[in-house]
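Quick notes on the structure that follows.
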Amino acid sequence: MYNANKVIPGIIIFILFFTAPIWLNFGRLEAIPQPELPKGEKKCVESKEYMRAYHMKLLDDWRKKAIRENQYIYINSKGEKYRISLQKTCLKCHNNREKFCDRCHNFVITHPDCWHCHFTKEEAKKWQ
Amino acid sequence: MNVGWSLLAVIVLLLIPWIGVGVLGLDSLFGIVIPYACFLVFIIGLIYKMIYWAKSPQPFKIPTTCGQQKSLSWIKHSRLESPFTTWEVVLRMFFEIVFFRSLFRNLRAELQGRRLIYGSAKWLWLGAILFHWSFFIILLRHLRLFTNPVPEIIQGLDFMDSFLQTLGVPPVYITDVLIIAGLTFLLLRRLVDPKVSYLSHGSDYFPLFLILSIAITGVLMRYAIKVDIYGVKHLTLGLVTLKPTIPDVKIGTIFYIHIFLVSVLAAYFPFSKLCHMVGVFFSPTRNMANNNRYVRHVNPWDYPVKYTTYCEWQERFRDLLEQAGLPIDDEWCKEQQQTQKTQ
Numbered sequence: 008m009y010n011a012n013k014v015i016p017g018i019i020i021f022i023l024f025f026t027a028p029i030w031l032n033f034g035r036l037e038a039i040p041q042p043e044l045p046k047g048e049k050k051c052v053e054s055k056e057y058m059r060a061y062h063m064k065l066l067d068d069w070r071k072k073a074i075r076e077n078q079y080i081y082i083n084s085k086g087e088k089y090r091i092s093l094q095k096t097c098l099k100c101h102n103n104r105e106k107f108c109d110r111c112h113n114f115v116i117t118h119p120d121c122w123h124c125h126f127t128k129e130e131a132k133k134w135q
Numbered sequence: 610m611n612v613g614w615s616l617l618a619v620i621v622l623l624l625i626p627w628i629g630v631g632v633l634g635l636d637s638l639f640g641i642v643i644p645y646a647c648f649l650v651f652i653i654g655l656i657y658k659m660i661y662w663a664k665s666p667q668p669f670k671i672p673t674t675c676g677q678q679k680s681l682s683w684i685k686h687s688r689l690e691s692p693f694t695t696w697e698v699v700l701r702m703f704f705e706i707v708f709f710r711s712l713f714r715n716l717r718a719e720l721q722g723r724r725l726i727y728g729s730a731k732w733l734w735l736g737a738i739l740f741h742w743s744f745f746i747i748l749l750r751h752l753r754l755f756t757n758p759v760p761e762i763i764q765g766l767d768f769m770d771s772f773l774q775t776l777g778v779p780p781v782y783i784t785d786v787l788i789i790a791g792l793t794f795l796l797l798r799r800l801v802d803p804k805v806s807y808l809s810h811g812s813d814y815f816p817l818f819l820i821l822s823i824a825i826t827g828v829l830m831r832y833a834i835k836v837d838i839y840g841v842k843h844l845t846l847g848l849v850t851l852k853p854t855i856p857d858v859k860i861g862t863i864f865y866i867h868i869f870l871v872s873v874l875a876a877y878f879p880f881s882k883l884c885h886m887v888g889v890f891f892s893p894t895r896n897m898a899n900n901n902r903y904v905r906h907v908n909p910w911d912y913p914v915k916y917t918t919y920c921e922w923q924e925r926f927r928d929l930l931e932q933a934g935l936p937i938d939d940e941w942c943k944e945q946q947q948t949q950k951t952q
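See the structure below:
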């Protein structure tokens with residue numbers, strides 16, 4: 008092999024770069040956080056599977072309906088009616104932002120802008 | 610013909626996980642076995658390529674130059690276009706790899722009547738740089754699914770990429786738009802321009818279609834046919850911590866299509882034109898200095914030639930030389946012997 012003094016470091020850099028996820032986790036891997044589900048309530052506005060994948064779409068849709076179309080009633084896939092409101096419908100059961108919302112959002116790194124305007128009850132208490 | 614077959618190949622590749630996971634439910638085959646196998650092919654294949662290239666001898670110094678080489682001190686030499694030192698070669702390689710400097714010189718030849726006209730054509734450079742840089746950022750950004758906790762720098766990168774929050778939820782990644790724009794241009798260029806189309810093969814169209822379908826499945830998964838990303842990260846994190854598991858919650862088939870196409874791309878990488886990713890470093894027209902007149906390049910397949918020095922020749926014919934009255938240069942030979950000893 009020619010130019011081994013350059014080729015071998017090159018190969019090492021190549022391997023390190025493409026196996027980076029293994030090294031980045033090494034020694035600092037944290038357990039996967041579990042979002043804390045509401046204790047009393049078993050049923051959300053839509054099915055669990057739908058909510059897991061599409062909740063941000065639903066919330067975006069709710070925002071459009073409430074703010075732009077002045078509609079405050081959501082009829083789900085089973086025909087049940089819910090009031091369109093993050094604070095009064097969603098947060099009624101999912102009342103802990105840190106233990107529910109943030110756990111997943113911080114885990115998968117998303118940057119939702121819900122909390123630019125909305126706030127939870129605990130946060131409101133701090134200000135009072 | 611080339612286009613049709615490549616497109617057909619990608620469609621077949623799309624259907625394999627669609628049927629495999631959607632109908633047959635082979636989640637662990639498509640989520641664990643194939644990704645691991647293809648990743649190994651990618652790593653081992655490219656290392657094999659690199660060693661293979663490094664073993665081939667380089668008989669001549671053949672840098673491509675497009676500027677004044679280093680010559681007399683009062684002639685200004687072009688450092689990047691005709692590098693003389695290793696440092697200049699490194700700079701040239703850096704600008705080539707990071708900014709595609711040589712593509713920036715791309716020309717377009719056209720016949721206008723009977724005249725051949727050359728003009729600047731920066732579109733290829735723009736399409737290439739959009740595609741490659743977006744691909745690189747997307748690759749880095751995917752680390753958010755492979756690390757826990759995610760390094761700050763990756764979080765920052767993800768935030769910067771998705772800072773346009775006005776186009777809906779979840780926010781649109783800028784690189785998603787740019788990679789599809791870049792790929793579309795690179796594909797249309799081959800389809801529309803007859804001169805480029807003439808020299809495009811299946812091996813040019815196939816990777817374009819493959820990467821485009823990876824980008825499209827990724828985009829669909831983020832904005833339209835959504836999957837449970839919490840479940841996805843369970844799987845991806847399992848893969849990199851070498852404890853692979855298929856999460857309890859069912860992840861949508863589109864995820865398996867996406868990961869299968871990425872696996873195919875990885876396995877295809879070392880055996881296709883895509884290996885220019887490492888090949889660019891081994892390109893002798895780029896990685897050599899144009900200093901033939903200063904540094905002797907020894908051809909590695911030169912065998913030792915038996916030769917006679919002047920002093921040996923003089924010693925052999927000393928008598929004849931003396932008889933003929935020719936001068937004998939003993940002092941110089943002594944000097945030569947001494948310098949050889951000290952060396």
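Line by line, the protein sequences are chains A and B.
Position one of the first sequence corresponds to residue 8 (the numbering used here), numbered consecutively onward.
Position one of the second sequence corresponds to residue 610 (the numbering used here), numbered consecutively onward.
Even for Gly, the Cβ is constructed at its ideal location relative to N, Cα and C.
These numbers were taken from a predicted model, which means no experiment stands behind them.
Could you check whether residue j and residue i sit closer than 8 Å to each other, using their CB atoms as the reference points?
i, j, result
"B/I789", "B/M830", "no"
"A/F107", "A/P42", "yes"
"B/I726", "B/T784", "no"
"B/I860", "B/V836", "yes"
"B/I937", "B/L929", "no"
"B/C675", "B/E690", "yes"
"B/F639", "B/G629", "yes"
"B/S872", "B/I641", "no"
"B/L625", "B/F869", "The sequence shown places Ile at residue 625 of chain B, rather than the Leu named in the question. Against a cut-off of 8 Å, the Cβ pair of B/F869 and B/I625 comes out as a contact."
"A/L36", "B/T850", "yes"
"B/S665", "B/G811", "no"
"B/L655", "B/V887", "yes"
"B/L976", "B/V621", "Given a span of 610 to 952 for chain B in the structure shown, any question on residue 976 of chain B remains unanswerable."
"B/D826", "B/H867", "For clarity, residue 826 of chain B is Thr in the given sequence; the question names Asp instead. Contact: yes."
Under three-state DSSP, which class holds residue i?
i, result
"B/G676", "coil"
"B/Q721", "strand"
"B/R714", "helix"
"B/Y727", "strand"
"B/Y657", "helix"
"A/Y89", "strand"
"A/I80", "strand"
"A/H101", "coil"
"B/S806", "helix"
"B/H906", "coil"
"B/Y912", "coil"
"B/R688", "coil"
"A/Y140", "For chain A, the structure presents residues 8 to 135; residue 140 of chain A sits outside this window and is missing."
"B/E944", "helix"
"A/Y9", "coil"
"A/F25", "helix"
"B/I855", "coil"
Using the Cα positions of residue i and residue j, report the straight-line distance between them to the nearest angstrom.
i, j, result
"B/A875", "B/F651", "5 Å"
"A/F114", "A/A60", "15 Å"
"B/I660", "B/T673", "24 Å"
"B/S682", "B/V699", "23 Å"
"B/L712", "B/Q677", "20 Å"
"B/F703", "B/L821", "27 Å"
"B/L716", "A/I22", "37 Å"
"B/L635", "B/K882", "31 Å"
"A/H123", "B/L766", "21 Å"
"A/E130", "A/R104", "10 Å"
"A/C51", "A/M58", "8 Å"
"B/F878", "A/M8", "23 Å"
"B/R723", "B/H686", "37 Å"
"B/S813", "A/E53", "The amino acid at residue 813 of chain B is misidentified as Ser; the sequence shows Asp. Distance between the alpha carbons of B/D813 and A/E53: 46 Å."
Can you find the residues in the same chain that come closer than 8 Å, C-beta to C-beta, to residue i, ignoring five residues on each side of it along the sequence?
i, result
"B/I763", "L749, R750, L752, R753, T756"
"A/K88", "I80, Y81, I82"
"B/T694", "A898, N900"
"A/Q78", "K72, I91"
Sorted by chain position, which residues of the same chain lie with C-beta nearer than 7 Å to residue i's C-beta, five sequence neighbours on each side aside?
i, result
"B/S637", "I855"
"B/K729", "Inspection of the sequence shows that residue 729 of chain B is occupied by Ser rather than by Lys. Once the five neighbours on either side are set aside, the close Cβ partners of B/S729 are L716."
"B/E921", "none"
"B/I834", "G861, I863"
"B/F744", "I788"
Can you list, in chain order, the residues of its chain whose CB lies under 6 Å from that of residue i, leaving out five sequence neighbours each side?
i, result
"A/K128", "none"
"A/R110", "P40, P42"
Less than 7 Å separating the Cβ of residue i from some heavy atom of the ligand PLP?
i, result
"B/P853", "Absence of the ligand PLP is noted for the structure shown, with no ligands found whatsoever."
Check: Do the segment 908 to 918 of chain B and the segment 831 to 841 of chain B make contact, defined as three or more Cβ pairs closer than 8 Å?
Finding: no
Margin query: Using a Cβ distance threshold of 8 Å, determine whether the segment 58 to 70 of chain A contacts the segment 767 to 783 of chain B, with at least three qualifying pairs required.
Written below: yes
Notebook entry, point to check: Between the segment 723 to 737 of chain B and the segment 784 to 800 of chain B, do at least 3 Cβ pairs fall closer than 8 Å?
Noted result: yes
Notebook entry, point to check: Are three or more beta carbon pairs between the segment 884 to 894 of chain B and the segment 668 to 675 of chain B nearer than 8 Å?
Noted result: yes
Notebook entry, point to check: Is the number of C-beta pairs between the segment 44 to 57 of chain A and the segment 91 to 109 of chain A that are closer than 8 Å three or more?
Noted result: Yes: at least three Cβ pairs fall under 8 Å.
Checklist line | Stretch-stretch touch, CB-based, cutoff 8 Å, three pairs: the segment 795 to 806 of chain B with the segment 765 to 773 of chain B | finding: no
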